[in-house]
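Undergrad: Heads up, the sequence shown is in the numbering used here, so the first residue is 5 and it goes up one at a time. Glycine included, each C-beta is placed from N, C-alpha and C at the ideal position. Small disclaimer: the values here were computed from a predicted structure and weren't measured.
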Amino acid sequence: MTVASREGYNLERLDVWSEEQRFEVTAARTVAYAKATNDPIEGHLRGVLAPPVFAVVPAMNLMAEATISMVPDPLMFRILHGEHDFRFHRPIRPGETLSVRAKPIGVEGKSSGVVVTTLMETRSVTHDDVVNEQYFIGFFRGGEFDGMVGEVSPDHSFDESLRTRDAQYEFIQQFDQDQTYRYAEPAGDPMPIHLDDAFAKQMGLNGIIIHGLCTIAFVSHALIGAVSPGDSSTLKRLAVRLSKPAIPGEVITTRAWQDQSKGRHVLSFETAGNEKPGKFVITDGIAEFSV
5 MTVASREGYN LERLDVWSEE QRFEVTAART VAYAKATNDP IEGHLRGVLA PPVFAVVPAM
65 NLMAEATISM VPDPLMFRIL HGEHDFRFHR PIRPGETLSV RAKPIGVEGK SSGVVVTTLM
125 ETRSVTHDDV VNEQYFIGFF RGGEFDGMVG EVSPDHSFDE SLRTRDAQYE FIQQFDQDQT
185 YRYAEPAGDP MPIHLDDAFA KQMGLNGIII HGLCTIAFVS HALIGAVSPG DSSTLKRLAV
245 RLSKPAIPGE VITTRAWQDQ SKGRHVLSFE TAGNEKPGKF VITDGIAEFS V
């Protein structure tokens, strides 16, 4: 290890909580998010509960700031959403005020880039309780970093032995051509790789890509519909690896297995895209339910 191999990384910010930010949850915002992700769950569309993946919206700015703050400036716009792990204590409800904080907890060099892991915590000011925790794993393409410092996120790897039997569930969904434009504002995620085709190509992509969290939201309401129809409050954990970005108009197929090794309420899943053979947009997926 040399000093130069870590030059430009702000390691003094590791494991330091950000200032807390408050977020007022409105039914208009949660309903807009549900509609932007083609969510069919009535309670979400009526503004009774926020969709589970809406949990990222109050944390979005701090998540991005904490993660990007760790890397040299030239890498800032080369970030991709690598993994996400939601731990839900309860659903978010319109009308409450949330307080969010974030801290980067780990940096690791990989052969094709650098991984930064950030932890977020969301509490309710209204009810004085923890609502959720999230691990965000940002992947900075082309970055270099020697070794690893800090922590990694909890494991959610796929048990390959599950493939010896048929999946319990299979869902087929399709993104709309305008999905990214509809998603960006309700999600508070205007990253140009999702909205500007020319910019996306400058960043080494083939064109506009679907927001990773939009992909996660799609799969989440399919899983909820299978395990606990209409009741998203039963989802307690949702963790994924975003393997390849989906594209507008793409058809995705999710296959899910009940994972007895992790408990009867746990599904392991993966999601394939039809852009080309062998493409997976989500791997190492885990969904834990309380029913």
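Run through the DSSP bridge pairs and tell me what Pro-108 is partnered with.
TA: In the sequence shown, counting from the first residue as 1, residue 108 sits at position 104. BP columns for Pro-108 point to Thr-122.
Undergrad: For Ala-36, I'd like the list of residues in its chain whose CB is within less than 6 Å of its CB, leaving aside the five on either flank, ordered along the chain.
TA: Position 32 of the sequence shown, counted from the start, is the residue given in the question as residue 36. Only Pro-190 meet the Cβ criterion.
Undergrad: How about Arg-245 and Asp-288: are their beta carbons less than 9 Å apart?
TA: Indexing the sequence shown from 1 puts residue 245 at position 241. Indexing the sequence shown from 1 puts residue 288 at position 284. Their beta carbons are under 9 Å apart, which means Arg-245 touches Asp-288 by this criterion.
Undergrad: Go ahead and pull the three-state DSSP assignment for Met-5.
TA: Numbered from its first residue, the sequence shown carries residue 5 at position 1. Caution applies to Met-5, whose pLDDT of 37 falls short of 50 and renders its modelled position unreliable; the model cannot decide the point.
Undergrad: What residues in its chain sit with their C-beta under 8 Å from that of Lys-39, if we drop five residues either side in the sequence?
TA: Stepping through the sequence shown from its first residue, residue 39 is reached at position 35. Counting only Cβ-Cβ distances below 8 Å, and skipping sequence neighbours, we find Leu-49, Arg-186, Pro-190.
Undergrad: Rounding to the nearest angstrom, what Cα-Cα distance links Phe-293 and Pro-252 in this structure?
TA: As a working mapping, residue 293 is identified with position 289 in the sequence shown. As a working mapping, residue 252 is identified with position 248 in the sequence shown. Cα-Cα distance, rounded: 30 Å.
Undergrad: How about the segment 206-213 and the segment 57-68: do they share at least three Cβ pairs that are nearer than 8 Å?
TA: no
Undergrad: What do you get for Val-111, buried or exposed, if any count of 16 or more other CB atoms within 10 angstroms of its CB means buried?
TA: Translated into positions along the sequence shown, residue 111 becomes position 107. It counts as buried.
Undergrad: Taking the straight line between their C-alpha atoms, what separation do you get for Gly-147 and Val-295?
TA: Along the sequence shown, read from residue 1 onward, the residue named residue 147 stands at position 143. Along the sequence shown, read from residue 1 onward, the residue named residue 295 stands at position 291. Answer to the nearest angstrom: the Cα atoms are 42 Å apart.
Undergrad: Within 10 angstroms of its Cβ, does Met-152 collect 16 or more other Cβ (buried), or is it exposed?
TA: Indexing the sequence shown from 1 puts residue 152 at position 148. Looking at its Cβ environment, which holds fewer than 16 other Cβ atoms inside 10 Å, Met-152 is exposed.
Undergrad: How many whole angstroms separate the CB atoms of Arg-94 and Val-129, which I take to be in contact at a CB cut-off of 8 Å?
TA: Stepping through the sequence shown from its first residue, residue 94 is reached at position 90. Stepping through the sequence shown from its first residue, residue 129 is reached at position 125. Not a contact, Cβ separation roughly 15 Å.
Undergrad: Taking just the CA atoms, how far does Ile-72 sit from Glu-279?
TA: As a first step, residue 279 must be located in the sequence shown, where it is residue number 275. As a first step, residue 72 must be located in the sequence shown, where it is residue number 68. One C-alpha to the other measures close to 30 Å.
Undergrad: If you run the structure through DSSP and keep just helix, strand and coil, what is Phe-90?
TA: Your numbering for residue 90 matches position 86 in the sequence shown. The three-state reading of DSSP puts Phe-90 in strand, counting E and B together.
Undergrad: From Thr-258 to Lys-205, what does the alpha carbon distance come to, in whole angstroms?
TA: Residue numbering aside, residue 258 sits at position 254 when the sequence shown is read from its first letter. Residue numbering aside, residue 205 sits at position 201 when the sequence shown is read from its first letter. So the alpha carbons of these two residues sit roughly 28 Å apart.
Undergrad: From the DSSP output, which residues share a beta bridge with Ala-221?
TA: Walking along the sequence shown from the start, residue 221 turns up at place 217. None; Ala-221 has no bridge partner.
Undergrad: Any chance you could list the alpha helix (DSSP H) runs of at least 4 consecutive residues sitting entirely within the segment 225-263, in chain order?
TA: none
Undergrad: Just curious, the beta strand (DSSP E) that Thr-275 is in, first and last residue?
TA: Position 271 of the sequence shown, counted from the first residue, corresponds to residue 275. 270-277 is the span of the beta strand (DSSP E), which, as asked, contains Thr-275.
Undergrad: Using DSSP with H/G/I as helix, E/B as strand and the rest coil, what is Asn-136?
TA: Working through the sequence shown from its first residue, we reach residue 136 at position 132. DSSP places Asn-136 in the strand class (E or B) of the three-state scheme.
Undergrad: Is Pro-196 near the ligand SAM, in the sense that its beta carbon is under 8 Å from a heavy atom of that ligand?
TA: Ligands in the displayed structure: none, and consequently the ligand SAM is not present.
Undergrad: Give me whichever residues DSSP pairs with Leu-102 in a beta bridge.
TA: Locating residue 102 in the sequence shown gives position 98, where the first residue counts as 1. Note: Leu-102 sits in a beta bridge opposite Phe-27, Ser-128.
Undergrad: What's the C-alpha gap between Met-5 and Phe-143?
TA: To locate residue 5, count along the sequence shown from 1; it is residue 1. To locate residue 143, count along the sequence shown from 1; it is residue 139. The predicted position of Met-5 is uncertain, since its pLDDT is 37 and thus under 50; no value can be drawn from it.
Undergrad: When the Cα atoms are used, what is the spatial distance from Thr-219 to Thr-168?
TA: Counting from one through the sequence shown, the residue named residue 219 turns up at place 215. Counting from one through the sequence shown, the residue named residue 168 turns up at place 164. Between Thr-219 and Thr-168, the C-alpha separation is close to 27 Å.
Undergrad: Does the segment 159-175 come into contact with the segment 268-277, if we say contact requires no fewer than three beta-carbon pairs (one atom in each stretch) closer than 8 Å?
TA: Yes: at least three Cβ pairs fall under 8 Å.
Undergrad: Do you know offhand how far Ala-226's Cα is from Phe-175's?
TA: Within the sequence shown, numbered from 1, the residue matching residue 226 stands at position 222. Within the sequence shown, numbered from 1, the residue matching residue 175 stands at position 171. Roughly 7 Å separates the two Cα atoms.
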